[in-house]
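Following: one structure in structure tokens, then a few remarks.
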Amino acid sequence: MKFALLACFFALLLVFSEHLSRNSLLPALAPQVDGTSNSFSVTAFSILQAIDEKICGALGCVNRPVSDFAAWKITSATLSPENAREGLKSGANQSILQVEIQNRLALAVLPPDLEISLTDAEESEITSIRLTPKEWLPVAWQESHLDFLRKGVASGELIQAQLPIQLPQNAAGYRVRVVYP
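Per the working numbering, the very first residue in the sequence shown carries number 3; after that it's consecutive.
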């Protein structure tokens, strides 16, 4: 009888501790969904999420997306002149940065700011451009995800953006990275 009561007590303690620490526990345990995590951890995490959803249904939860820059993978970034025929003839030096970025965490993640660092021929930073999610996320995507600043970007979602950028004349290179303010 004592053993059964102790087992029930520890099970109840485990459920409540998971519920209280879920906002830090789930992001720490979440595997990557881009194929780099083993299948056992992905399956175990999906079972944990199912249990968490049942607990949240009974006790109530606040589902907050995570702010984790490691969740993001920039799959491609290409900077090209807006009008290739004019090339260097144009004094404006307007270019288009095409970026593909993916949330590879098994949870919803808040969209980060994008930081574009422009460098000269000696790889010294000339300028840095920081774009908020409202500035870099495509308008069509924002319209289809109206509450993205509260709900985040879904697991595994790939976002493609085209951003017009005014380049200085001595720009020779660029770096794109994600940052959270």
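The beta-carbon is built from N, C-alpha and C at its ideal position, and this holds for glycine as well.
query, result
"Assuming contact is defined by CB atoms lying nearer than 7 Å, are ILE98 and PRO166 in contact in what I supplied?", "yes"
"Please work out which residues of its chain come closer than 6 Å, Cβ to Cβ, to ASN172, disregarding the five sequence neighbours upstream and downstream, and give them in chain order.", "ASP122"
"Would you mind working out which of PHE150, THR45, GLN168 and LEU15 sits nearest ASN95, comparing C-alpha positions?", "GLN168"
"Which stretch, first to last residue, makes up the alpha helix (DSSP H) that contains GLY59?", "41-61"
"Short of 7 Å in beta carbon distance, which residues of its chain neighbour SER119, apart from the five on each side in sequence? Order them along the chain.", "GLU127, SER130, TYR176 and ARG177"
"The beta strand (DSSP E) spanning SER146 covers which residue range?", "Taken as a continuous stretch (DSSP letters only), SER146 belongs to no beta strand (DSSP E), being part of the alpha helix (DSSP H) at 141-146."
"Mind the definition here: the region 154-162 touches the region 102-121 only if three or more C-beta pairs lie below 8 Å; say whether that holds.", "yes"
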